[in-house]
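Using our numbering, the final residue of the sequence shown is 186, and nothing's skipped along the way. We put the CB at the ideal spot given by N, CA and C, even for glycine. Being a predicted model, the structure only gives us computed values, none of them experimental. Notes for the one structure printed next.
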Amino acid sequence: FRSRDIAVETSRTFLVVSRFHRAIGVITIVASAIFLLCIMLLKVDERRRDVAALRLMGISARSIVRSVMVEAALVAVVGSAVGVALGWISAQLINWHYRGVYRTPLAFALVTPSIVLLAVALSLVLGLVAGLLASQRLVRVPPLELLTGRPMTSVER
Numbered sequence: 030f031r032s033r034d035i036a037v038e039t040s041r042t043f044l045v046v047s048r049f050h051r052a053i054g055v056i057t058i059v060a061s062a063i064f065l066l067c068i069m070l071l072k073v074d075e076r077r078r079d080v081a082a083l084r085l086m087g088i089s090a091r092s093i094v095r096s097v098m099v100e101a102a103l104v105a106v107v108g109s110a111v112g113v114a115l116g117w118i119s120a121q122l123i124n125w126h127y128r129g130v131y132r133t134p135l136a137f138a139l140v141t142p143s144i145v146l147l148a149v150a151l152s153l154v155l156g157l158v159a160g161l162l163a164s165q166r167l168v169r170v171p172p173l174e175l176l177t178g179r180p181m182t183s184v185e186r
């Protein structure tokens, strides 16, 4: 075999593997976004009485949405930092192990600045969207209904 033919075949294989990894990444991101939204909904729902009290004191729905968004952004930033650190440590351990197994200087796992930037950007965007959706759900409910935990009747309204 000529080296050019081997290179073409090898690059096709790596292209398929790369597409497969990208598909796994997209599925993971979608699943984590849904999980993040569920966590934010539960977290906001736990504070419904606090929000009801704030709304009854005259705090605007906009201020409540803004505070939930700030909290979601902070959670996304801290989560991103922990994720980047965990990814870097994992890549180092994977490279150390497989370099010893195969006796090669090749890198088996990489954490590049572009990957970190993409992960952090996705984390921030998905965190803010989850915070917005959760807070919008909370401020649409009348304050007395939030306080009592049951739907208001037409007479009570």
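- prompt: Straight-line CA distance for G178 to I56?
  reply: To locate residue 178, count along the sequence shown from 1; it is residue 149. To locate residue 56, count along the sequence shown from 1; it is residue 27. If I take the Cα positions, the gap works out to 36 angstroms.
query: Do S164 and I63 have their C-beta atoms closer together than 8 angstroms?
result: Sequence index remark: in the sequence shown, residue 164 carries index 135 (1-based). Sequence index remark: in the sequence shown, residue 63 carries index 34 (1-based). Not closer than 8 angstroms, so no.
query: Is T42 helix, strand or coil when you go by DSSP?
result: The residue labelled residue 42 in the question sits at position 13 within the sequence shown. If DSSP states are grouped into helix, strand and coil, T42 belongs with the helices.
- prompt: Mind checking whether A138 and S152 have CB atoms under 8 angstroms apart?
  reply: In the sequence shown, the residue the question calls residue 138 occupies position 109. In the sequence shown, the residue the question calls residue 152 occupies position 123. Cβ distance not < 8 angstroms, so A138 and S152 don't count as in contact.
query: Beta-carbon separation of M69 and L157 under 8 angstroms?
result: Here residue 69 corresponds to residue number 40 of the sequence shown, with the count starting at 1. Here residue 157 corresponds to residue number 128 of the sequence shown, with the count starting at 1. Going by C-beta atoms, M69 is not nearer than 8 angstroms to L157.
- request: Starting from I123, trace the alpha helix (DSSP H) both ways and give me its first and last residue.
  value: Taking the first residue of the sequence shown as position 1, residue 123 is located at position 94. The continuous alpha helix (DSSP H) containing I123 extends over residues A90 to Y131.
Length of the line joining the Cα atoms of L129 and G116: As a working note, residue 129 is residue 100 in the sequence shown. As a working note, residue 116 is residue 87 in the sequence shown. Residue identity differs from the one stated: residue 129 is Gly in this sequence, not Leu. Taking the straight line joining both Cα atoms gives about 20 angstroms.
- request: Can you give me the Cβ contacts of I58 inside the same chain, cut-off strictly under 8 angstroms, excluding the 5 residues immediately before and after it?
  value: If you number the sequence shown from 1, residue 58 lands on position 29. Excluding residues within five positions, the ones whose Cβ falls inside 8 angstroms are L151 and L155.
task: Using only alpha-carbon positions, find the residue among H126, L65 and V113 that is nearest to L161.
output: Taking the sequence shown and counting its residues from 1, the one referred to as residue 161 is at position 132. Looking at the Cα atoms, L65 is the closest of the given residues.
- prompt: In three-state DSSP terms, what is R31?
  reply: Numbered from 1 along the sequence shown, position 2 holds the residue referred to as residue 31. Coil at R31, not helix or strand.
query: R95: buried (16+ other C-beta within 10 angstroms of its C-beta) or exposed?
result: Numbered from 1 along the sequence shown, position 66 holds the residue referred to as residue 95. By the 10 Å Cβ count, R95 comes out exposed.
message: On the criterion of 16 or more Cβ atoms from any shown chain inside 10 Å, does P142 qualify as buried, or is it exposed?
response: Locating residue 142 in the sequence shown gives position 113, counting from the first residue. Classification for P142: exposed.
query: If you compare alpha carbons, which of S61, A90 and L71 is closest to P171?
result: Residue mapping note: residue 171 aligns to position 142 of the sequence shown, counting from 1. For P171, the nearest C-alpha among the options comes from A90.
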